[in-house]
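One structure below.
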Amino acid sequence: MVDLIEQIVGEDDLLSTAVSGVRAAVREVAPLTRADIAGHTRALLVASTRALAARRGPVEAELSFVEELAVTRAGQGVPIEAVLRAIHVAERAIWSRAREAAAANGIHPDLLLDARELYEDWAEAVRSRLIAAHRAAQAGQRHGASERTAVILRRLLAGGSAAGLAAAEAGLRVAGGLWVAVARTGGGVSTAELERVSRESGVAVIAPLDEFLVGVLDRPPSAVADGVVIGVAGPAEAEELATVHRLATAALTAAEATGYSGIVHIAQVAVPAALADRADLAAALLDRHGSALAALGANTDPVVRGVCAWLEADRDTDAAAKSLFVHANTVRNRVQRFSEVTGLDPHTTFGAMTAWWLCRAWLAWAA
């Protein structure tokens, strides 16, 4: 019987079949890599085979491995119930293969039953240690409600398989993709407000992160109050949330720079976001036009702000003048003066883009 089990363990497709069954049947472990599940399944399978051969229970070395498995799964946010279900699914696939092989090799069913009873004794001790170690690991990781939310959020924003597990733990519905929403702390968006606009649409995990309030949502956020700015990116797979978080933050920064308000998706401000992300090119642009801006002297700030306002008003002189509280001719004169000293023509498409970038870069540097 031991020879038969060792033969089964050596079959190339056994682990693949067991892993596929586990990932299909246990949602909480589906985001784990196949290598992760296969490695632990193989180790348990080899240990149980050795125990059957010696007709004994698990030794301390095997139980130490079980404790490591429990701590790993607890750290990944996999509930103990899911761990036990995964082991059960793998066991079922393996013993089903053993029954087929036993029949093909003429092994009496009673002998297979004896081996299964020996295995169950071994497995019961393993399950007990697994449960105890998992609970101890969770107790050591326990946080207050707000701290735990922050921990889950950081795991989500890390991307990769950790994000997939965190999404499952948080109850986020990932089928349609996930979204990241970013607001600036003190920018008129409270945690309650972001929770409202997020949870009206679906499930959300929200917490402060540095100077931002960040939320991961399973639906795009709904409308916000006037004057509020929230940068948004998505939808995307949980594994891609690190990139989506960066894009949502870029959307917020670009929206603030260009005067957008409300919920601003990165696609709405792709150009200013891309420009703002290239500090090296902005520095080169400032260096290239440094002498021209210096030539403006005390008028540098009003001229630069005038060009920005004019461009951001879609070159509507009257609208720019109104926003700056000046006469329309003042705006025209500032645009003309800027064009004279820099050699840029903001009336053309690429000239306008370069002019806006230069002005915004200068204002950021001056601040």
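Residue numbers (full-length UniProt numbering): 1 to 367.
From the three backbone atoms N, C-alpha and C, an ideal C-beta is built for every residue, glycine too.
Counting along the chain, F212 sits inside the beta strand (DSSP E) bounded by residues 212-217.
Contact check for R116 and W95: beta-carbon distance about 7 Å, within the 8 Å limit, so the pair qualifies. For L153, same chain residues with a beta-carbon under 6 Å away, outside a window of 5 residues either side, are V205, A207 in chain order. When DSSP reads this structure, I263 sits in a beta bridge with I230. Per the coordinates, the alpha-carbon of S323 lies some 38 Å from the alpha-carbon of L157. Sequence-distant partners of T185 (beyond 5 residues in either direction) whose C-beta falls short of 7 Å from its own C-beta, in its chain, are P208, E211, F212, L213. Rounded to whole angstroms, the separation of the alpha carbons of A101 and T149 is 49 Å.
For the pair Q336 and L241, the Cα-to-Cα distance works out to about 45 Å. In chain order, G57, P58 place their CB closer than 7 Å to the CB of A125, counting only its own chain and leaving out the 5 sequence neighbours on each side. A158: not part of any alpha helix (DSSP H); DSSP gives it neither H nor E. L296 and A355 have their C-alpha atoms roughly 15 Å apart. Every alpha helix (DSSP H) stretch that sits fully inside the region 270-346 and reaches 4 residues is listed by chain position as 270-276, 279-288, 290-295, 300-312, 317-324, 328-342.
Rounded to the nearest angstrom, the gap between the Cα atoms of G39 and I263 is 44 Å. L178 carries a strand assignment under DSSP once its states are collapsed to helix, strand and coil. Bounds of any alpha helix (DSSP H) do not take in I206; it lies within the beta strand (DSSP E) bounded by 204-209. Three or more pairs of CB atoms, one per stretch, sit closer than 8 Å, so the region 301-309 contacts the region 328-335.
Boundaries for E237: no alpha helix (DSSP H) harbours it, and the DSSP string shows neither H nor E there.
Between G234 and V180, the CB-CB gap stays under 7 Å. Annotation: A282 to W310 spans about 20 Å, alpha carbon to alpha carbon.
Taking R129 as the centre and dropping the five residues before and after it, the same chain places the C-beta of L63, V66, E67 closer than 7 Å to its C-beta, in chain order. Collapsing the DSSP output to three states places A90 in a helix. In chain order, V19 place their CB closer than 7 Å to the CB of R34, counting only its own chain and leaving out the 5 sequence neighbours on each side.
Non-local C-beta neighbours of A319 in its own chain, meaning closer than 6 Å and more than five positions away in sequence, comprise A313, ordered along the chain. Counting other Cβ atoms within 10 Å of its Cβ, W365 stays below 16 and is therefore classed as exposed. For E237 and A273, the gap between their C-alpha atoms comes out near 22 Å. Here the C-alpha atom of V46 lies approximately 17 Å from the C-alpha atom of A86. DSSP places A30 in the coil class of the three-state scheme, outside both helix and strand. As the crow flies, the alpha-carbon of L14 is around 36 Å from that of T243. About 5 Å separates the beta carbons of G171 and V203, which is inside the 8 Å limit, making them a contact pair. With respect to the C-alpha of A137, the residue from G351, R278, A74 having the closest C-alpha is A74.
Membership of T349 in the alpha helix (DSSP H) is indicated by the continuous run 349-366. Contact between A276 and A254 is confirmed by a C-beta separation of about 6 Å, below the 8 Å threshold.
A direct Cα-Cα distance of roughly 8 Å separates A162 from E239.
Taking every protein chain shown into account, the CB of V78 has 16 or more other CB atoms within 10 angstroms, so this residue is buried. Apart from the 5 residues on each side of it in sequence, A168 sits with its Cβ closer than 7 Å to the Cβ of R27, E28, P31 in its chain, given in chain order. With fewer than 16 other beta carbons inside 10 angstroms of its own, R55 counts as exposed.
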